[in-house]
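Numbering (my numbering), first residue to last: 162 to 536.
The beta-carbon is built from N, C-alpha and C at its ideal position, and this holds for glycine as well.
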């Protein structure tokens with residue numbers, strides 16, 4: 162690769178020469194071919210920058226993130242290693258079903274149905290349980306969303322550990338006195354709703370402050386009367402889920418306060434007995450920032466995948482220690498003629514032949530010392 166000046170601008174080109182000889186092997190002329198690689202270099206730099214942004218967000222987010230293909234983990238972030246008590250290499254390749262709690266539990270079958278539904282393209286938000294390495298059960302909220310990676314459908318799973326909240330909710334049900342003390346100190350929106358009338362019997366300070374209504378004006382009224390649901394069909398869907406779930410429900414939907422501020426909440430309801438009548442204990446957690454982070458992560462992943470697949474020059478990702486090909490783009494397959502199963506997890510040395518072995522050694526040496534190499 163050489164630099165040339167074109168109208169006072171430096172351009173990088175790939176130069177190739179070929180000697181043309183006559184029948185008597187006498188040199189007639191030398192054919193010089195120049196290929197503009199400026200765009201390719203800029204695209205590669207953009208690709209690296211995009212991947213760096215995606216990986217940075219992937220690593221630092223406070224939520225557990227798993228990338229799943231064929232219901233097996235292919236990537237995980239540090240939060241996942243903490244939640245499951247397993248390093249990345251132990252999670253990689255593990256069936257998502259193995260990580261679910263209680264193999265005979267009906268909840269596990271329900272969870273697998275959520276995953277299968279997500280694979281159809283409909284995002285899912287639900288609660289389930291997982292095992293950690295010490296065989297401890299942790300309760301989690303899961304957001305499952307489908308995306309395409311290397312032409313295959315994968316799932317992006319974002320898990321939030323709700324074990325503490327789950328245990329708090331059980332303790333609330335055991336003691337009304339303890340419940341009243343705890344709900345007012347909770348950062349989540351909590352209310353007690355009469356199952357028959359839908360009237361609010363109790364709300365915590367968090368609910369009153371966020372809604373903008375005085376607590377005393379909320380009691381005895383319904384959330385519909387207070388116009389807290391910008392979409393009444395969400396309220397209808399939430400109560401339908403509650404009835405179908407035999408006294409339990411979970412739904413992500415927006416709430417709007419008197420100031421007109423709209424934010425998404427994870428609404429969870431459980432039936433409790435209060436003074437001899439059925440009531441709903443409703444807890445709503447603000448997930449607006451979580452949903453925004455998930456959208457940004459998904460957009461970054463999609464941009465990286467699109468750029469990688471449509472990059473006009475062959476690109477392969479090679480494991481630095483194992484020397485196997487992890488991914489390859491469309492241009493590589495078109496150039497090489499290989500099929501996917503002939504490339505992925507195969508030795509890079511055999512699939513990327515070098516005419517001069519010395520060039521390969523020089524390339525590897527430069528890459529190891531400088532972190533990059535061009536030839």
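Item	Value
Which class does residue 534 belong to by DSSP, given the choice of helix, strand or coil?	Because residue 534 sits at a pLDDT of 41, beneath the cut-off of 50, its placement in the model cannot be relied upon, and the point is left open.
Put residue 422 into one of helix, strand or coil per three-state DSSP.	coil
Have a look at the DSSP bridge pairing and note the partners of residue 427.	413 and 446
How many Å lie between residue 446 and residue 349 at the Cα?	5 Å
Please classify residue 227 as buried or exposed, where buried requires at least 16 other C-beta atoms within 10 Å of its C-beta.	buried
Going by DSSP in three states, residue 466 sits in which element: helix, strand or coil?	helix
Does the pairing of the region 403-413 with the region 421-439 give three or more beta-carbon distances under 8 Å?	yes
Can we count residue 321 as close to the ligand ATP, meaning its CB is less than 6 Å from some heavy atom?	The model on display carries no ligand, and the ligand ATP is accordingly not part of it.
Relative to the C-alpha of residue 277, which candidate in 369, 258, 292 and 374 has its C-alpha closest?	258
Report the option in 316, 269, 475 and 466 whose CA atom is closest to the CA atom of residue 496.	475
Select from 254, 481, 324 and 306 the residue whose C-alpha is nearest the C-alpha of residue 458.	306
State yes or no: is the C-beta of residue 376 within less than 7 Å of the C-beta of residue 364?	yes
Could you check which residue in 292, 316 and 294 has the C-alpha nearest to that of residue 282?	316
Run through the DSSP bridge pairs and tell me what residue 261 is partnered with.	291
From 406, 423, 343 and 456, pick the residue whose C-alpha is nearest to that of residue 389; which is it?	423
Which one of 286, 504, 481 and 260 has the shortest CA to CA distance from residue 491?	504
Tell me which residue opens and which closes the alpha helix (DSSP H) that residue 497 is part of.	491-497
How should residue 294 be labelled, buried or exposed, when 16 other C-beta atoms within 10 angstroms of its C-beta is the threshold for buried?	exposed
Quick one: what does DSSP say residue 314 is sitting in, helix, strand or coil?	strand
What residues match up with residue 320 in a beta bridge as DSSP calls it?	225 and 303
Looking at the structure shown, is residue 231 part of a helix, part of a strand, or coil, going by DSSP?	coil
What is the rounded straight-line gap between the Cα of residue 449 and the Cα of residue 425?	5 Å
Taking residue 353 as part of the beta strand (DSSP E), name the residues at either end of that continuous run.	350-355
Could you check the C-alpha separation between residue 346 and residue 248 for me, to the nearest Å?	36 Å
Going by alpha carbons, who is nearest to residue 344 out of 300, 439, 329 and 436?	329
Suppose the cutoff is 7 Å on Cβ atoms and the five residues either side in sequence are ignored; what does the same chain contact list for residue 418 look like?	371, 372 and 373
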